[in-house]
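**Student:** Once you've had a glance at the structure underneath, I'll fire off some questions.
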Amino acid sequence: MAQNKTIGKKRGKGNIIVYLVLILGSVIMIFPFIWMITTSFKTVPETTLIPPALFPKSFRNTAAYAQVTASLPFLKLYYNTLMMIVLRVICAVIFSSMAAYAFAKLKFPLKNIFFFIVLSQLMLPAQVFILPQYEIISALGKTDSIFALVFPALVSAFGTFFLRQTYMGIPDDLLEAARIDGCGHFKTFLRIAFPLTKTSVAALSVFTALFAYSDLMWPLIVNTKLDKLTLSSGLSTLRGQFAVNYPNLMAGSVLAMIPMIVIYIIFQKQFIEGIALTGTKA
Amino acid sequence: MSKNYKKEALAGFFMALPTIIGLIILNFYPLCRTVYMSFFQSGSFGKWKFVGLDNYTKMFQSSGFWKVTGNTLLFMVYTVPVTVIGGLLIAVLLDQKIKGKTVFRAIYFLPMVVAPAAVAMVWKWLFNTDFGIVNLTLKALHLPSGINWISDPKTALLACALVTIWSSVGYDAILLLSGLQGISRTYYEAARIDGASSFQQFKKITLPLVSPTLFFVLIMRIMASIKVFDIVYMMIEKTNPAIRSCETILYNFYQETFVKNNKGYGASMVVWCVILISIITLIQFIGQKKWVTYDV
Numbered sequence: 001m002a003q004n005k006t007i008g009k010k011r012g013k014g015n016i017i018v019y020l021v022l023i024l025g026s027v028i029m030i031f032p033f034i035w036m037i038t039t040s041f042k043t044v045p046e047t048t049l050i051p052p053a054l055f056p057k058s059f060r061n062t063a064a065y066a067q068v069t070a071s072l073p074f075l076k077l078y079y080n081t082l083m084m085i086v087l088r089v090i091c092a093v094i095f096s097s098m099a100a101y102a103f104a105k106l107k108f109p110l111k112n113i114f115f116f117i118v119l120s121q122l123m124l125p126a127q128v129f130i131l132p133q134y135e136i137i138s139a140l141g142k143t144d145s146i147f148a149l150v151f152p153a154l155v156s157a158f159g160t161f162f163l164r165q166t167y168m169g170i171p172d173d174l175l176e177a178a179r180i181d182g183c184g185h186f187k188t189f190l191r192i193a194f195p196l197t198k199t200s201v202a203a204l205s206v207f208t209a210l211f212a213y214s215d216l217m218w219p220l221i222v223n224t225k226l227d228k229l230t231l232s233s234g235l236s237t238l239r240g241q242f243a244v245n246y247p248n249l250m251a252g253s254v255l256a257m258i259p260m261i262v263i264y265i266i267f268q269k270q271f272i273e274g275i276a277l278t279g280t281k282a
Numbered sequence: 001m002s003k004n005y006k007k008e009a010l011a012g013f014f015m016a017l018p019t020i021i022g023l024i025i026l027n028f029y030p031l032c033r034t035v036y037m038s039f040f041q042s043g044s045f046g047k048w049k050f051v052g053l054d055n056y057t058k059m060f061q062s063s064g065f066w067k068v069t070g071n072t073l074l075f076m077v078y079t080v081p082v083t084v085i086g087g088l089l090i091a092v093l094l095d096q097k098i099k100g101k102t103v104f105r106a107i108y109f110l111p112m113v114v115a116p117a118a119v120a121m122v123w124k125w126l127f128n129t130d131f132g133i134v135n136l137t138l139k140a141l142h143l144p145s146g147i148n149w150i151s152d153p154k155t156a157l158l159a160c161a162l163v164t165i166w167s168s169v170g171y172d173a174i175l176l177l178s179g180l181q182g183i184s185r186t187y188y189e190a191a192r193i194d195g196a197s198s199f200q201q202f203k204k205i206t207l208p209l210v211s212p213t214l215f216f217v218l219i220m221r222i223m224a225s226i227k228v229f230d231i232v233y234m235m236i237e238k239t240n241p242a243i244r245s246c247e248t249i250l251y252n253f254y255q256e257t258f259v260k261n262n263k264g265y266g267a268s269m270v271v272w273c274v275i276l277i278s279i280i281t282l283i284q285f286i287g288q289k290k291w292v293t294y295d296v
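And the structure:
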């Protein structure tokens with residue numbers, strides 16, 4: 001099993017087992033997605049065949065897609081989810097970068113207390129904030145809006161902490177040099193330091209997007225109007241409507257999953273690097 | 001000099017301010033408010049009645065509370081060891097000299113990028129009693145089949161746990177892989193010259209050197225398992241006969257607070273969740289001295 005790096009020259013058998021295990025694992029990882037896609041093109045009777053057929057009779061049977069798009073405004077869901085993600089990412093990047101730079105490179109009053117506030121947020125589960133956050137949103141009369149979806153993520157303690165680690169790695173001499181050349185603190189941050197954190201900002205963006213997209217409880221609570229749902233909360237309404245119609249449920253899931261899969265394929269490197277960065281340095 | 005310091009202090013203060021104001025409004029105030037609400041009973045028309053510790057005594061005395069806490073801990077026991085050990089196994093395999101490493105990594109991480117809502121739906125279909133692939137595969141392998149995975153109180157939570165393991169094992173694997181890649185190859189070369197077997201190398205070199213990452217993964221995984229909500233919410237409907245054996249702390253919090261509008265009680269439930277996480281994390285930090293190696 002755990003043949004560690006020793007194999008070197010005398011590979012062969014050991015390696016075959018490694019490949020077999022990895023491939024078997026990959027099949028288990030991918031199979032549900034294939035099953036989801038093929039089921040979405042099946043008719044309801046086709047889903048109850050024994051033995052089951054992997055492929056539908058015809059991939060032209062898009063009845064399930066027609067039915068789910070008729071019962072849920074998917075274009076609106078895409079729009080809501082996209083807006084939520086983009087705004088959450090922008091907020092996280094701007095505010096966290098500023099705060100992180102201040103914490104890493106500047107001396108200012110109340111710094112320790114401020115940083116304690118950041119750290120204490122990191123240690124608590126988000127659900128402990130949800131009920132009062134909901135009260136605020138409903139007091140503002142902002143339920144069923146994009147703002148409601150973005151609200152709990154307007155600032156990010158995680159982003160601040162994560163980017164602070166990156167700013168710590170930037171040499172003081174470099175920033176000193178810029179300031180001697182007459183750059184103000186904010187300009188030094190914007191022109192010199194911020195551009196150097198590209199990798200971390202990309203990782204943070206990807207992570208913020210991922211968590212926003214998978215968030216279920218908050219969108220479920222704040223937005224209940226059909227055209228204000230996100231993809232994940234929208235899917236949960238399908239569950240009630242089509243309890244046993246699996247082609248419809250799978251078609252809905254495919255539609256909800258496609259955008260993120262596309263983003264994942266494009267930004268795969270940032271996803272993987274992001275985990276590595278957050279894991280080893282947090 | 002002091003003028004320079006003033007400028008710096010001003011710049012720093014104002015750059016940190018938006019985040020701090022945000023955190024106070026979004027997190028600090030809500031935290032206090034949640035704790036405060038847990039001492040009140042929410043009536044109709046937003047009327048609140050101070051009830052002291054009543055919510056807590058009611059909570060600790062109800063059989064439902066112990067069931068819910070038990071379910072959450074059982075879910076932790078189901079998911080954490082398998083996910084972390086499985087993640088370590090995958091990481092060790094991916095750390096070998098093999099081709100297609102990036103492809104494997106991408107595949108194992110794939111379930112993470114799909115919304116839990118979609119993940120839960122496809123697995124519910126795979127777990128279907130009569131037509132689900134899981135039972136049909138078991139039958140083909142002549143193993144016990146025909147299991148009512150989702151609606152049998154004995155298996156429903158296990159089914160949720162299996163889905164969670166499936167979707168998070170790749171994440172842990174990638175974290176651990178980055179830990180493994182930080183280990184210098186020279187250790188292994190030296191060990192090989194001394195004639196250490198693969199297993200000895202794993203036990204004496206890999207495990208101690210990856211232990212800080214392993215500790216981090218373990219903490220994260222335990223927290224995530226105590227906070228489980230979406231998979232259970234999506235897989236187990238309210239009418240499901242197995243609901244009582246699947247209700248977790250946060251599922252119960254959601255039901256009490258936002259469905260039954262029992263906000264004071266819901267608040268005490270989520271406070272309990274925080275207490276439980278703190279206790280378990282504290283135990284972790286005490287226990288880490290025994291097995292986590294930081295200085296090599």
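Chain order of the listed sequences is A and B.
Its first residue numbered 1, the first sequence is counted upward by one per residue in the numbering used here.
Its first residue numbered 1, the second sequence is counted upward by one per residue in the numbering used here.
Even glycine gets a Cβ: it sits at the ideal position worked out from N, Cα and C.
Given the structure is predicted, the values throughout are model-derived calculations rather than measurements.
Taking a Cβ distance cut-off of 9 Å, strictly less, list which residues of the region 253-273 of chain B are near chain A, in chain order.
**Tutor:** Going along the region 253-273 of chain B in chain order, one finds Phe253, Tyr254, Thr257, Phe258, Lys263, Gly266, Ala267, Val270, Val271, Cys273 with a Cβ nearer than 9 Å to chain A.
**Student:** Which one of B:Cys246, B:Val210, B:Leu53, B:Ala156 has the shortest CA to CA distance from B:Leu89?
**Tutor:** If we check each option's Cα against that of B:Leu89, B:Val210 comes out closest.
**Student:** Any heavy atom of the ligand NAP closer than 6 Å to the Cβ of A:Phe74?
**Tutor:** As for the ligand NAP, it is missing from this structure, which has no ligand bound.
**Student:** Given 8 Å as the limit, is there contact between the region 51-70 of chain A and the region 185-202 of chain A, that is, 3 or more CB pairs closer than that?
**Tutor:** In short, these stretches do not touch, since the Cβ pair count stays below three.
**Student:** Do B:Ser167 and B:Val119 have their C-beta atoms closer together than 7 Å?
**Tutor:** Taking 7 Å as the Cβ cut-off, B:Ser167 and B:Val119 qualify as a contacting pair.
**Student:** Which whole runs of the alpha helix (DSSP H) in the region 191-274 of chain A are 4 residues long or more, in chain order?
**Tutor:** 198-214, 217-222, 231-241, 246-266, all fully within the region 191-274 of chain A.
**Student:** A:Gln165 touches chain B at which residues, Cβ-Cβ below 9 Å?
**Tutor:** Those within 9 Å of A:Gln165 in chain B number zero; the least Cβ separation is about 14 Å.
**Student:** Measuring alpha carbon to alpha carbon, tell me which of A:Leu277, A:Ile146, A:Ser138, A:Ser40 ends up nearest A:Thr166.
**Tutor:** Looking at the Cα atoms, A:Leu277 is the closest of the given residues.
**Student:** When you compare the region 118-135 of chain A with the region 148-159 of chain A, are there three or more beta-carbon pairs, one atom per stretch, that lie closer than 8 Å?
**Tutor:** At 8 Å Cβ cutoff, the stretches touch.
**Student:** Would you give the residue range spanned by the alpha helix (DSSP H) that B:Lys3 belongs to?
**Tutor:** First-last of the alpha helix (DSSP H) with B:Lys3: 2-23.
**Student:** So, is the C-beta of B:Gly87 closer than 7 Å to a C-beta in chain A?
**Tutor:** No, because no Cβ of chain A sits closer than 7 Å to the Cβ of B:Gly87.
**Student:** Are A:Ala209 and A:Ile85 touching if we call contact CB-CB under 7 Å?
**Tutor:** Contact flag set, yes.
**Student:** If you follow the beta strand (DSSP E) that B:Lys203 is in, where does it begin and where does it stop?
**Tutor:** Careful: B:Lys203 lies outside any beta strand (DSSP E) and carries neither H nor E.
**Student:** Check whether the region 100-109 of chain A touches the region 11-31 of chain B, taking contact to mean three or more Cβ pairs, one atom from each stretch, closer than 8 Å.
**Tutor:** Touching, per the Cβ criterion.
**Student:** Give me, in chain order, the residues of the same chain whose beta-carbon lies closer than 7 Å to that of A:Arg88; leave out the 5 immediate sequence neighbours on both sides.
**Tutor:** Cβ neighbours of A:Arg88 beyond the five flanking positions: Val150, Ala153, Thr208, Ala212.
**Student:** What first and last residue would you give for the beta strand (DSSP E) that runs through B:Lys238?
**Tutor:** Counting along the chain, B:Lys238 falls outside any beta strand (DSSP E), and DSSP gives it neither H nor E.
**Student:** Pop quiz: B:Phe131 and A:Thr47 are said to be a contact at Cβ under 8 Å. What is the actual Cβ separation, rounded to whole angstroms?
**Tutor:** B:Phe131 to A:Thr47, Cβ: 6 Å. Contact.
**Student:** Check this for me: beta carbons of A:Ser236 and B:Pro116, under 7 Å apart or not?
**Tutor:** Not in contact: A:Ser236 and B:Pro116 (Cβ atoms no closer than 7 Å).
**Student:** Indicate whether B:Val122 and A:Ser253 have their beta-carbon atoms separated by less than 7 Å.
**Tutor:** Against a cut-off of 7 Å, the Cβ pair of A:Ser253 and B:Val122 comes out as a contact.
**Student:** Do the CB positions of B:Pro30 and A:Gln270 come within less than 7 Å of each other?
**Tutor:** No; because the gap between Cβ atoms is not below 7 Å, this pair is not in contact.
**Student:** Report the start-end ranges of each alpha helix (DSSP H) in the region 145-207 of chain B that is 4 residues or longer and not cut off at the edges.
**Tutor:** Segments of the alpha helix (DSSP H) lying fully in the region 145-207 of chain B: 156-180, 185-193, 198-201.
**Student:** Counting only beta-carbon atoms, is B:Gly52 nearer than 7 Å to chain A?
**Tutor:** It does not; no Cβ of chain A falls within 7 Å.
**Student:** Quick one: Cα of A:Asp173 to Cα of B:Thr186, how far?
**Tutor:** Their Cα atoms are separated by approximately 34 Å.
**Student:** Check whether chain B comes within 7 Å of A:Met36, counting only Cβ atoms and requiring the distance to be less than that.
**Tutor:** Interface residue, yes.
**Student:** What's the gap between the Cα of B:Leu126 and the Cα of B:Ser145?
**Tutor:** About 13 Å.
**Student:** Taking the C-alpha atoms as reference points, what is the distance between A:Met98 and A:Phe108?
**Tutor:** Approximately 14 Å between the Cα atoms of the pair.
**Student:** Near A:Ser233, what residues of its chain come up, given a Cβ to Cβ distance below 6 Å and the 5 sequence neighbours on each side ignored?
**Tutor:** So the qualifying residues of the chain are Pro219, Leu220.
**Student:** Using DSSP with H/G/I as helix, E/B as strand and the rest coil, what is B:Ser42?
**Tutor:** Three-state DSSP puts B:Ser42 in a strand.
**Student:** Pull up the CB-CB distance for A:Leu131 and B:Thr69, whole angstroms please, since I reckon it's below 8 Å.
**Tutor:** Incorrect: roughly 20 Å between the Cβ atoms, too far for contact.
**Student:** Mapping DSSP to helix, strand and coil, what is B:Trp291?
**Tutor:** Correct three-state label for B:Trp291: helix.
**Student:** Note down, in chain order, every chain B residue with its Cβ under 9 Å from the Cβ of A:Gln268.
**Tutor:** Chain B residues near A:Gln268: Thr102, Arg105, Ala106, Phe109.
**Student:** Does any CB atom of chain B fall closer than 7 Å to the CB of A:Phe55?
**Tutor:** Cβ-Cβ to chain B under 7 Å: no for A:Phe55.
**Student:** Could you please tell me which residues of the region 55-89 of chain A, in chain order, have their CB closer than 8 Å to any CB of chain B?
**Tutor:** Cβ contacts with chain B come from no residue of the region 55-89 of chain A.
**Student:** According to DSSP, simplified to helix, strand and coil, what is B:Lys67?
**Tutor:** The answer is helix: DSSP assigns B:Lys67 an H, G or I state.
**Student:** For the beta strand (DSSP E) containing B:Phe50, list its first residue and its last residue.
**Tutor:** Unbroken beta strand (DSSP E) run through B:Phe50: 48-50.
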